[in-house]
Amino acid sequence: MTTDIDDPVGEVTAVEADAPAPLRLFTHRVTGSSRQRLLDAFPCELVESDPVDMIVVSTRMPLGQVSGALARFRRMDTVPVVAIVHAGGEELATELVRAGAVGLVAEGNEAAVAAYVNGGDGDASLVETYDQRLGRVRPSDLGSPGRDPVTGLPSRGAFDAVLAEATQSGEVPRVGFLRVLNHDEAVRRLSAEAGDLLRRRLSSQLREICRLYGARLFWCAPNLYAYVAPELASVDARAMGLLLARSTEAFAPSGGRHLSLAVGHAGPEVTSEVSAVRELAQRALELASSGADSVVLSADDLSRTLAATTELEVLLRLVGAVEQHRPHGSGRGERVADIAGRLAQHLGFEGLERSRIRLAAHLHEIGKVSLAEDVVTAPGQLTDEQLAVYRRYPELGAEYLRVSGGAEVSLAVRHHQERWDGGGYPDGLAAEDIPIGARIIAVAIAVDALRQADPEPARLVAGLAGLAEAAGERFDPTVVSAARTLFAEDRPLQRPSDAAAG
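Numbering (my numbering), first residue to last: -11 to 490.
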């Protein structure tokens, strides 16, 4: 509402400002509930014909239809295409981005499209999920093959074998994970013999309940179990999970607080891929484990947390696709993220600020995913025209991340190829006009290149001295100084494990 202060009569006249026209969205394969969340998120209308302001495509389509679906929209080359990713649709989402989608949003997080439309910041859920992932140990990485001598249950190796057989047969089972939440606290107060007795008794009850529902129980770690149930419906899996939780709660070692159980499960109702069922069950377990009380969750129960995890999985897959064409293979994004995180911490960044810088560093090359392979693999041997195409990758990456990653992550990716002296790209920013996250990433990339060229600590020290010569031209002098302080001593960078780098 505005006020006409020049009214000759001296009266205040109210003039209603024109409301902005609603955004015209064309949706393809988007579910009814997802369309409703779009309508609730910001002023928009769903249309079936031109003019169109945005195209929203869901991953709920066969993989073979991706290229054809996007080909229909290529004539509208100025209209952005945003992909709505359902749980289990991460592989298809990577193909949508390669085919031309410029934004990624998970089902349940359609409100993030409003940030894209308004040019605003996203929320912190993706950054928080990435931060949690850094310290997360996956159930698939725990345990050992064979049979656990204490509980008598088949171990993780047998669990992997059962899922491998299911993959070959094409029959998707229900997969579940169980975590005893306060197991370690309870066992610390017990002798070794009493702790083993507790595990045997608890495992025996859990196994019997699973048997009644046609599920096979496996041991993965002292506080972690998995099950496979070929014909267990989701509703019955929830009933079984509640019974497992009640049985676990009956145990109160040494008269202390009773044990609690987190259960996460997924089945063929959410995806037709066995590997995806396993991954979704693990994600459900992570959310169920976030509190102190017993919780049973299926993949269908997950909303915002699953949305952020889904978006992160897609983004990491895109980075992996780029890194396949690099001379050193996969793992560069993670290495640069580790260096950038240490630099950020040294410079006083903590919490989500530091996590944003780490995430942007991990994903800094994501814009290369839609470039031709020959452009990505040989940037030093490009024609002027190819070089111009190559130099668009920071802008493309920033566009991919603006919806779910938020403004700070997006801007750090966009500007990581700027130079302190203003001679970089894409915008020719200089000095402190370059976002601090981008300045940190630029130095982290250089440090990683030195480390990969020669892993000897003495060589790294010499390389860092050469890096200092570029301070004030290519790099922020303050960040270079931090790098020399952190890495010039005999502290070689830790290489990520093969599992982490993949």
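Just so it is clear, CB atoms sit at the ideal spot from N, CA and C, and this is done for glycine as well.
Contact check, residue i vs residue j, beta carbons under 8 Å
| i | j | result |
| --- | --- | --- |
| A434 | L455 | yes |
| L452 | R439 | no |
| L247 | A174 | yes |
| G355 | V284 | no |
| G308 | E353 | no |
| A71 | V45 | yes |
| L92 | E299 | yes |
| G385 | L347 | no |
| F165 | Q270 | yes |
| A203 | Y215 | yes |
| G425 | I327 | no |
| D464 | W408 | yes |
| V265 | V163 | yes |
| V54 | E36 | no |
| R177 | P218 | no |
| M49 | R23 | no |
| G145 | G158 | no |
| Y104 | V391 | yes |
Environment of residue i [buried if 16+ CB atoms lie within 10 Å]
| i | result |
| --- | --- |
| P39 | exposed |
| G412 | buried |
| G329 | buried |
| T473 | exposed |
| A76 | This sequence places Gly at residue 76; Ala is not what is there. Its Cβ being crowded by 16 or more others within 10 Å, G76 is buried. |
| P127 | With a pLDDT of only 38 at P127, under 50, the local geometry of the prediction cannot be trusted, and no value is derived from it. |
| L249 | buried |
| S398 | buried |
| P137 | exposed |
| Q156 | exposed |
| G319 | buried |
| V223 | exposed |
| T371 | exposed |
| A349 | buried |
| A471 | buried |
| G88 | buried |
| R245 | exposed |
| L200 | exposed |
| T47 | buried |
| T66 | exposed |
| L306 | buried |
| A182 | exposed |
8 Å CB neighbourhood of residue i in its chain, flanking five on each side removed
| i | result |
| --- | --- |
| R25 | G96, E98 and A99 |
| V160 | A154, G255, P256, T259, S260, E261, V262 and V265 |
| V310 | E353, I354, K356, V357 and V364 |
| R379 | Q405, Y413 and P414 |
Among the options, nearest to residue i - alpha-carbon criterion
| i | options | result |
| --- | --- | --- |
| V363 | A349, H350 and Y381 | Y381 |
| S343 | L151, I354 and L331 | L331 |
| L141 | L340, R187, G183 and A238 | R187 |
| V85 | Y388, Q156 and E196 | Y388 |
| S191 | A182, L205, P414 and T371 | L205 |
| S263 | G20, E78 and A59 | E78 |
| E267 | F239, T297 and R189 | T297 |
| S278 | P50, T117 and V391 | T117 |
| T19 | A57, R390, E361 and H74 | H74 |
| S143 | P161, Y213, V160 and E219 | Y213 |
| L114 | D415, G460 and L303 | L303 |
| S282 | A400, M49 and L232 | L232 |
| D436 | R23, A325 and L151 | A325 |
| E461 | A450, F475, G416 and A476 | G416 |
| L21 | E301, A94, R60 and A430 | The question names Leu, but residue 21 is Ser in the sequence shown. Nearest option by C-alpha distance: A94. |
| P414 | A376, V391, D289 and A102 | A376 |
| F337 | R135, C198, I428 and G56 | I428 |
| F239 | A280, A209, R195 and R189 | R189 |
| D289 | E361, A225 and A280 | A225 |
Own chain residues within Cβ distance below 7 Å of residue i, not counting five before or after
| i | result |
| --- | --- |
| N106 | none |
| D184 | V138 |
| C32 | P10, L11, L13 and L26 |
| V168 | N211, T236, L247 and L249 |
| Q333 | R342 |
| L359 | V377, Y378 and Y381 |
Neighbourhood of residue i by C-beta distance below 6 Å, restricted to the same chain and skipping five residues each side
| i | result |
| --- | --- |
| P68 | M42 and V90 |
| G252 | F165, A269, A272, L273, A276 and L285 |
| L151 | V262 |
| L335 | A470 |
| D119 | S343 |
| A287 | A75, A254, V258, L268 and A272 |
| A476 | V449 and L452 |
Contiguous beta strand (DSSP E) assignments of at least 3 residues, all confined to the stretch 40 to 71
42 to 46
Which runs of the alpha helix (DSSP H) spanning at least 4 residues fall entirely within the stretch 125 to 191, listed in chain order?
Listed in chain order, they are 144 to 157 and 171 to 176.
Entirely within the stretch 318 to 372 and at least 4 residues each: give me those alpha helix (DSSP H) ranges in chain order.
As far as the stretch 318 to 372 is concerned, its whole alpha helix (DSSP H) runs of at least 4 residues are 320 to 334, 339 to 350 and 361 to 365.
Which whole runs of the beta strand (DSSP E) in the stretch 213 to 262 are 3 residues long or more, in chain order?
249 to 254
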